[in-house]
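To convert, note that position 54 of the sequence shown is 54 in UniProt numbering; the numbers rise steadily by one, no gaps.
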Amino acid sequence: MAEQDVSPEPDQASPEFAETLSELETLVNRLESGELSLESSLEAFEEGVRLTRAARERLSQAELKVQTLTQQGDSAPGDSAIKERTQADPSADESRQGGR
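Following this line, the structure appears as structure tokens:
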């Protein structure tokens, strides 16, 4: 069995999500190949856990950003004030829409 060094690369500021997934796939392939020693397998597993956490964090950040942008797109400035007034006085909304 050939041992390969699985020491992590120097910390990068924020690797791209796709790059992280690619690294995870490489680690999984190496682990599944059975060519790593027990110690190297444990190191690869630890790296995989670190990469998984980093990917999950980046995904959470992206989801939050999409959610924020979607919510901003759903309501124009002043919409919340109109909704509050309409809930307090439903006839106010009808008068704006031309209903009597």
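For each residue, glycine too, the CB sits at the ideal point set by N, CA and C. What you are looking at is a predicted structure, and each value in this text was computed from that prediction instead of being measured.
For residue i and residue j, I'd like the C-alpha separation in whole angstroms.
i	j	result
residue 58	residue 34	30 Å
residue 65	residue 74	14 Å
residue 61	residue 46	23 Å
residue 71	residue 22	32 Å
residue 17	residue 40	25 Å
residue 69	residue 42	41 Å
Note down, in chain order, each residue of its chain lying with its Cβ closer than 8 Å to the Cβ of residue i, except the 5 sequence neighbours on either side.
i	result
residue 48	24, 27, 28 and 31
residue 20	51, 54, 55 and 58
State yes or no: is the C-beta of residue i within less than 8 Å of the C-beta of residue j?
i	j	result
residue 44	residue 38	no
Among the residues of its own chain, which have a CB less than 7 Å from the CB of residue i, if the five just before and after it don't count?
i	result
residue 96	Bear in mind that a pLDDT of 49 at residue 96, under 50, signals an unreliable position, so the model cannot answer this.
residue 67	none
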